[in-house]
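Accompanying notes for the structure given below.
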Amino acid sequence: MADTAQPTAVALDDATVAFRVAGDRVYTAVERANLNVAHGEFVAIVGPTGCGKSTLLNVAAGLLKPAAGSVKIFGQPLAGLNRDAGYLFQADALFPWKTALDNVAIGLEIKGAPRQQALQRAQGWLTSVGLGAFANRYPHMLSGGQRKRVGLAQVLIRDPKILLMDEPFGPLDAQTRQIMGNLLLELWNADRKAVLFVTHDLEEAIALADRVVIMSAGPSARIIGDWRVTLPRPRDISEVRMEKQFHELHREIWSVLKDEVMKGYVQSTQAAEAS
Amino acid sequence: MSRLTLLSLQLLVAVVALAMWHVLTTVPLFGRILLPPFFFSNPIDVFSQVYKWFSSGVIWKHLIITLWESVLAFVIGSVGGVLVGFWFARKPLVAAVFDPYVKMINALPRVVLAPIFALWLGLGIWSKVALGVTLVFFIVFFNVYQGVKEVSNTVLDNGRMLGMNERQLTRHVYWPSALSWMFSSLHTAVGFAVVGAVVGEYLGSAAGLGYLIQQAEGVFDVAAVFAGMFVLSVFVILIDMGVTVVERRLLVWRPAAAEGRG
Chain A
6 MADTAQPTAV ALDDATVAFR VAGDRVYTAV ERANLNVAHG EFVAIVGPTG CGKSTLLNVA
66 AGLLKPAAGS VKIFGQPLAG LNRDAGYLFQ ADALFPWKTA LDNVAIGLEI KGAPRQQALQ
126 RAQGWLTSVG LGAFANRYPH MLSGGQRKRV GLAQVLIRDP KILLMDEPFG PLDAQTRQIM
186 GNLLLELWNA DRKAVLFVTH DLEEAIALAD RVVIMSAGPS ARIIGDWRVT LPRPRDISEV
246 RMEKQFHELH REIWSVLKDE VMKGYVQSTQ AAEAS
Chain B
29 MSRLTLLSLQ LLVAVVALAM WHVLTTVPLF GRILLPPFFF SNPIDVFSQV YKWFSSGVIW
89 KHLIITLWES VLAFVIGSVG GVLVGFWFAR KPLVAAVFDP YVKMINALPR VVLAPIFALW
149 LGLGIWSKVA LGVTLVFFIV FFNVYQGVKE VSNTVLDNGR MLGMNERQLT RHVYWPSALS
209 WMFSSLHTAV GFAVVGAVVG EYLGSAAGLG YLIQQAEGVF DVAAVFAGMF VLSVFVILID
269 MGVTVVERRL LVWRPAAAEG RG
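Sequences listed follow chains A and B, in order.
Okay, so the first sequence: first residue is 6 according to my numbering, each after it adds one.
Okay, so the second sequence: first residue is 29 according to my numbering, each after it adds one.
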């Protein structure tokens, strides 16, 4: 339905997300968020723990409905699930009873693709995420990083126009994160989708994204900053961190983020003491 | 410890136990026999009884009857448990309405149903199958219900975001999860199927291992009672080994640590 002539892949307009907690009390997670992600743009959202980054992503995915404001996907108001989006979850989301190959193929099979064809293309995707030899393994036989690769292939095989990623590399060790980051950039460079990438790691955000959006500490988290990252592409995650521009940007964004991280930390410790 | 040492130690336990049994029931110690043979028989009589059953072929008829009753009880109870468990889990309203009755029936010791089943279904195999079904059904039912309820929300959301509709979610997410829980209760369910069959036979029948034991008891043939128990336990162990083989094939996808539910 949409093409490149419609530039805004995801448009959140004054989106407010609230949950009902304990009777009539309402917890406002995100307040009046405005966010645009252009077609083919890589946007990272960074914020302190518990600030509602994931909530914002779930709104873009259609898994959550905003209490106020609007969500438009390629100019169309979003009703129900976002069918243009692929979602890479933070937690393990693979189907444990399916092999890596079947996990990747499922996205095509449920669209009605013939099984043989789906399996063939799934094998191709497993190869491009570096797991060609692991097709018949079940998720529990794979390492955390390998499971994320399968997850990436599972989402990308459907060729979504928008990629939503919720701290996808959060549980991985530092080296694996860098490798996964480079893999992601490589795949994204080949076919530029709009990406909304949530992370708590500012360095990761700058290294990957075209734009870094900062959220304040929750509750009632707001978007408080928006920086453009003009580092040249293609980038290498580990090398780009050495560049002067990277450091300047990091210092600039961190000066804003630091206060929010401290606020978030204080709130989370107080909440823990209160409960 | 090596396999060989372990095996010989295991054998040693059997040898010592049998030897003590034999000595205490046949050799007078301090002037008297400590275990009266009338109540405790002795290993030689017991095993010659087992040998007699197998050499004359009498036992096969009883074994096959008990096996057949167990299989029927298991299959009918499992199919029923899977269907009803799945239905309840997907329709919370139905589950809520039937909840007190399910709890009530499950709280009932199933043995008291045996006379009713004998009355309704006669003394043939079906009254035993019915008793087994009431045992198997609830094991499978609760496991399948749990299996559907415990599906991870992330996996469900992932299914939805991959474009699954409700029917596809049922087939690719709820169903495999429910079956995996059912398979993990296979050992318990199969065990209960055998219990249902044997207890049913014991309370009134014309054939089967339970009948054999009950008959021997009726004429104070303690050797035959022990022989029947021995054959029964070997029978259950063999079935259990079969279940383990099936389970390994069906649950390859599951990490070893998560096994043993139910």
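Note that beta-carbon positions come from the ideal geometry of N, C-alpha and C, so glycine has one too.
Hey, residue i and residue j are a contact pair by Cβ (cut 8 Å); roughly how many whole angstroms apart?
i	j	result
A123 of chain B	V164 of chain B	Actually they are not in contact, since the Cβ atoms of A123 of chain B and V164 of chain B sit about 20 Å apart, beyond 8 Å.
S155 of chain B	G228 of chain B	6 Å
L83 of chain A	G67 of chain A	5 Å
L91 of chain B	L237 of chain B	7 Å
I104 of chain B	I153 of chain B	Contact doesn't hold; Cβ gap of about 12 Å is too wide.
N39 of chain A	D19 of chain A	6 Å
F251 of chain A	I211 of chain A	6 Å
V114 of chain B	F126 of chain B	It should be pointed out that residue 114 of chain B corresponds to Phe in this sequence rather than to Val. The Cβ separation is near 14 Å, so there is no contact.
M210 of chain B	V110 of chain B	6 Å
H145 of chain A	R282 of chain B	7 Å
G191 of chain B	K116 of chain A	6 Å
L69 of chain A	R188 of chain B	Incorrect: roughly 12 Å between the Cβ atoms, too far for contact.
P71 of chain A	V15 of chain A	Incorrect: roughly 13 Å between the Cβ atoms, too far for contact.
L213 of chain A	L189 of chain A	7 Å
F102 of chain B	A221 of chain B	4 Å
W96 of chain B	N70 of chain B	About 33 Å; that fails the 8 Å criterion.
So which of the options has the shortest CA-CA distance to residue i?
i	options	result
Q77 of chain B	B:V168, B:I241, B:R277	B:I241
G256 of chain B	B:V55, B:L63, B:W88	B:W88
Q128 of chain A	A:A105, A:P144, A:L147, A:P101	A:A105
E172 of chain A	A:G186, A:P165, A:I162, A:W102	A:G186
A199 of chain A	A:E208, A:E209, A:D215, A:A210	A:D215
A73 of chain A	A:K58, A:D97, A:E36	A:E36
F68 of chain B	B:I267, B:A251, B:G270	B:A251
D107 of chain A	A:L69, A:L189, A:I162, A:E265	A:I162
V51 of chain B	B:N193, B:L63, B:F220, B:N171	B:L63
T54 of chain B	B:L39, B:V44, B:I72	B:I72
F66 of chain B	B:S208, B:W49, B:V274, B:F248	B:F248
E191 of chain A	A:P53, A:R30, A:P239, A:A27	A:P239
R118 of chain B	B:M132, B:K177, B:I133	B:K177
V172 of chain B	B:L197, B:I144, B:W203, B:G85	B:W203
N193 of chain B	A:L189, A:E114, A:V203	A:E114
A135 of chain B	B:L151, B:P143, B:F145, B:I167	B:I167
S208 of chain B	B:I144, B:K80, B:L278, B:Q243	B:L278
G219 of chain B	B:N181, B:V43, B:V161, B:A244	B:V161
Are the beta-carbon atoms of residue i and residue j separated by less than 8 Å?
i	j	result
G223 of chain A	L177 of chain A	no
G230 of chain A	Q159 of chain A	no
L159 of chain B	L147 of chain B	no
G175 of chain B	S205 of chain B	yes
I167 of chain A	A226 of chain A	no
L201 of chain A	V51 of chain A	no
G80 of chain A	T13 of chain A	yes
I242 of chain A	L207 of chain A	no
W232 of chain A	V217 of chain A	yes
V183 of chain B	F24 of chain A	no
F169 of chain B	V223 of chain B	no
N20 of chain B	A98 of chain A	The question about residue 20 of chain B has no answer here: the residues shown for chain B are numbered 29 through 290.
L254 of chain A	V234 of chain A	yes
V201 of chain B	V179 of chain B	yes
I53 of chain A	V266 of chain A	Checking the sequence, you will find Pro at residue 53 of chain A rather than Ile. Yes, Cβ-Cβ distance for P53 of chain A and V266 of chain A is below 8 Å.
A225 of chain B	S98 of chain B	yes
V271 of chain B	L214 of chain B	yes
G55 of chain A	S273 of chain A	yes
L151 of chain B	G232 of chain B	yes
Q125 of chain A	G175 of chain A	no
G284 of chain A	R197 of chain A	Since the first residue of chain A shown is 6 and the last is 280, residue 284 of chain A is not available in this structure.
Go ahead and label residue i buried or exposed: buried means 16 or more other beta carbons lie within 10 angstroms of its beta carbon, across all protein chains shown.
i	result
P137 of chain B	exposed
R182 of chain A	buried
G288 of chain B	With a pLDDT of only 43 at G288 of chain B, under the threshold of 50, the placement of this residue in the model should not be trusted; the figure read from the coordinates follows. Looking at its Cβ environment, which holds fewer than 16 other Cβ atoms inside 10 Å, G288 of chain B is exposed.
K263 of chain A	exposed
D8 of chain A	Unreliable positioning characterises D8 of chain A in this predicted model, as indicated by a pLDDT of 47, which lies under 50. The coordinate reading is nonetheless provided below. Burial call: exposed.
L35 of chain B	exposed
M269 of chain B	exposed
T60 of chain A	buried
A276 of chain A	exposed
P165 of chain A	buried
G28 of chain A	exposed
L17 of chain A	buried
P237 of chain A	exposed
I265 of chain B	exposed
L131 of chain A	buried
Original post:
Does the segment 147 to 162 of chain A touch the segment 128 to 136 of chain A, meaning 3 or more C-beta pairs lie closer than 8 Å?
Top reply: yes
Original post:
At a cut of 8 Å, does the segment 53 to 65 of chain A reach the segment 139 to 146 of chain A through at least three beta carbon pairs?
Top reply: no
Original post:
Any contact of the segment 254 to 270 of chain B with the segment 65 to 76 of chain B, i.e. 3+ C-beta pairs under 8 Å?
Top reply: yes
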